[in-house]
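Chemist:
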Amino acid sequence: MNKIIILVVLFYATASNALTLEQALKSAKPLSYEAIVQQYNINQQQLEGENIKQQFDYKLSLDVQLGLREELDKKTDDSTVYFNFKKLLFDSRHNIDLDFNKANTALEKIRLDYLKLEQKLSIMRGFFDNVLADLEYDYSTQVLALSAVKAVHTAEDFAIGFASEVALEQARAKAGLDFAMRQKIENKQILRRKQLADLIGLKASPDMLTPPALKKYLSYTVESESTWLKSLQQHNSLLQILRLEVANLKHKKQQQENRWEFSVESFARLGEQTYNKDKNGRYRAGLRLNIPFGEDEREQDIKALEILIQQKQTELEQQNERLEQSTLDLFLKFQSALRQYNALRTEQDYLSFNLDKASLEYEMRLSRNIGDAMIKVTKNDFDLAKAKFEIVLLLEQMNLLTQGKLL
1 MNKIIILVVL FYATASNALT LEQALKSAKP LSYEAIVQQY NINQQQLEGE
51 NIKQQFDYKL SLDVQLGLRE ELDKKTDDST VYFNFKKLLF DSRHNIDLDF
101 NKANTALEKI RLDYLKLEQK LSIMRGFFDN VLADLEYDYS TQVLALSAVK
151 AVHTAEDFAI GFASEVALEQ ARAKAGLDFA MRQKIENKQI LRRKQLADLI
201 GLKASPDMLT PPALKKYLSY TVESESTWLK SLQQHNSLLQ ILRLEVANLK
251 HKKQQQENRW EFSVESFARL GEQTYNKDKN GRYRAGLRLN IPFGEDEREQ
301 DIKALEILIQ QKQTELEQQN ERLEQSTLDL FLKFQSALRQ YNALRTEQDY
351 LSFNLDKASL EYEMRLSRNI GDAMIKVTKN DFDLAKAKFE IVLLLEQMNL
401 LTQGKLL
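For what it's worth, my numbering labels the leading residue of the sequence shown as 1, then goes sequentially.
(1) Quick one, are the C-beta atoms of tyrosine 341 and lysine 303 less than 8 Å apart?
(2) Along the chain, where does the alpha helix (DSSP H) containing tyrosine 350 start, and where does it finish?
(3) Have a look at glutamine 55 and glycine 49 and give me their C-alpha separation to the nearest angstrom.
(4) What does the Cβ neighbour count give for leucine 401, buried or exposed, with the cut at 16 atoms within 10 Å?
(5) Whose C-alpha, out of Asn380, Ala358, Glu390 and Leu308, is nearest the C-alpha of phenylalanine 331?
(6) Helix, strand or coil for phenylalanine 83? Go by DSSP, reduced to three states.
(7) Looking at the secondary structure, which residues open and close the beta strand (DSSP E) in which lysine 253 lies?
(8) Quick check on lysine 405: buried or exposed, where buried means 16 or more other Cβ atoms within 10 Å of its Cβ?
(9) With a threshold of 16 other CB atoms inside 10 Å of the CB of leucine 19, please say whether the residue is buried or exposed.
(10) Would you be able to state if there are at least three C-beta pairs under 8 Å between the segment 321-337 and the segment 220-237?
(11) With distance defined between alpha-carbon atoms, name the residue in Tyr58, Ile36, Glu34 and Tyr40 nearest to glutamate 265.
(12) If you run the structure through DSSP and keep just helix, strand and coil, what is valine 8?
(13) Whole-angstrom Cβ separation of serine 27 and glycine 201, contact assumed at under 8 Å?
(14) Compare the C-alpha of aspartate 178 against each of Tyr139, Met208, Leu395 and Phe162 and name the closest.
(15) Give the range of the beta strand (DSSP E) segment to which leucine 410 is assigned.
(16) May I ask you to verify whether the segment 242-257 touches the segment 311-322, counting CB pairs closer than 8 Å and requiring at least 3?
(17) Between which two residues does the alpha helix (DSSP H) carrying isoleucine 370 extend?
(18) Quick check on glutamate 265: does DSSP put it in helix, strand or coil?
(19) Apart from the five residues just before and just after asparagine 104, which ones in its own chain have a Cβ nearer than 6 Å to its Cβ?
(20) Taking the alpha helix (DSSP H) that glutamate 50 falls in, what are its first and last residues?
(21) DSSP beta-bridge partners for alanine 285?
(22) Nearest CA to the CA of leucine 124: which residue from Leu393, Asp207 and Gln403?
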């Protein structure tokens, strides 16, 4: 009795340390590898923006010149020392580039948010795969136990002439195959544990997992696919990115069409000039207007932008069509998974009743076969969990397509 109590205490102590879905999501790596790369892209965009802004900063330089001027066999000191101050006040090209850079940085941040939601979905899928692997292992263990018991019973019947040698060999072969299958499932269980540990950044694979309740997912209702399609159009990050890219390109094209190619720069100079020192003051200041002549790059820029706009609009139309098809597919799969889940719950009640009946017959020694009923219940547990997780993952996939606005 004491041994039983100790085993129960040890079981609950281990179960209390089991990994939950909430813990897996919280202990996950701050960013996935894809998100880290995306963060680098954001940093690069911000750096480019800072470089553009620096073009408008004050610039200070020291200009030192040592020289001699020879006039009519007379050598004159032609040395100069100047402090030069410059500040770019306006540049049509830089202003357009800065606006475009700000827009691109905002787009990259939207992509990063999408990758974070995608990481959550990957963790949930990995966690569910592990729970299913555990249930599948339990099922294979019961199948092996039943086939082993049947092999023993067949051997007993063979010993008294109630079973043939062929039946005995079949029973033993079935037990051997079930043992090999359980070993295969156990190997898959170990691999899934390692994959989950790598995914969330754990040093060691978790020993046990606590199956999540997931009540909010199972109580979710939707009347028609139009609800999801509307949410998709309003919140999908990929569509938002493409729409913003088209809008930004159109805005840049409009700026290019209205742009005059010129820049204005202020300057000041303080210093000494040895040659003609009396005629040249120490201080000089003014504005410099730069208007380039010759080949105008504006028309080329506009044509290039028009091609980009057409490409992005085509990409937007294709992406919109693809996402609407994906949404319809997710909706139909969700409805099917929900029906399957409800059917399995009904089957669960029926199988539980049969197990109770088989247990009673076994206790009354009316039957020595309770294993089949137990296996059916365990198989139903696996199928029910699989259907439940499919519902959750389908909703989370749709939640990803709506940038987290569905749930």
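Every residue, glycine too, gets a C-beta built ideally from N, C-alpha and C.
What you are looking at is a predicted structure, and each value in this text was computed from that prediction instead of being measured.
Modeler: The short version:
(1) With respect to the 8 Å criterion, tyrosine 341 and lysine 303 are not classified as neighbours on the basis of their beta carbons.
(2) Its alpha helix (DSSP H) spans residues 298-363.
(3) Rounded to whole angstroms, glutamine 55 to glycine 49 spans 10 Å at the Cα level.
(4) Per the 10 Å Cβ criterion, buried.
(5) Per the C-alpha coordinates, the member of Asn380, Ala358, Glu390 and Leu308 positioned closest to phenylalanine 331 is Glu390.
(6) If DSSP states are grouped into helix, strand and coil, phenylalanine 83 belongs with the strands.
(7) Per DSSP, lysine 253 lies in no beta strand (DSSP E); the unbroken alpha helix (DSSP H) holding it starts and ends at 237-257.
(8) Taking all protein chains shown into account, lysine 405 has fewer than 16 neighbouring C-beta atoms within 10 Å of its C-beta and is therefore exposed.
(9) Under a 10 Å Cβ-count criterion, leucine 19 is classified as buried, with 16 or more other Cβ atoms of the shown protein chains found around its own Cβ.
(10) Yes: the two stretches touch, three or more of their Cβ pairs being nearer than 8 Å.
(11) Considering only alpha carbons, the answer is Tyr58.
(12) With a pLDDT of 35 at valine 8, under the threshold of 50, the modelled position of this residue cannot be trusted, and the question is left open.
(13) Contact between serine 27 and glycine 201 is confirmed by a C-beta separation of about 7 Å, below the 8 Å threshold.
(14) When C-alpha distances from aspartate 178 are compared across Tyr139, Met208, Leu395 and Phe162, the shortest belongs to Tyr139.
(15) Outside the displayed span of the chain (1 to 407) sits residue 410, for which this structure offers no information.
(16) Result yes; three or more Cβ-Cβ pairs closer than 8 Å.
(17) Neither: isoleucine 370 is in no alpha helix (DSSP H) and is coded neither H nor E.
(18) In the structure shown, glutamate 265 falls within a strand segment according to DSSP collapsed to helix, strand and coil.
(19) Only residues of its own chain outside the window of five on either side were considered, and among them Gln45 have a CB closer than 6 Å to the CB of asparagine 104, listed in chain order.
(20) Going by DSSP, glutamate 50 is part of the alpha helix (DSSP H) stretching over 33-54.
(21) Its beta-bridge partners are Ala268.
(22) Residue identity check: residue 124 is methionine in the sequence provided, not leucine. Looking from the CA of methionine 124, the closest CA among Leu393, Asp207 and Gln403 belongs to Leu393.
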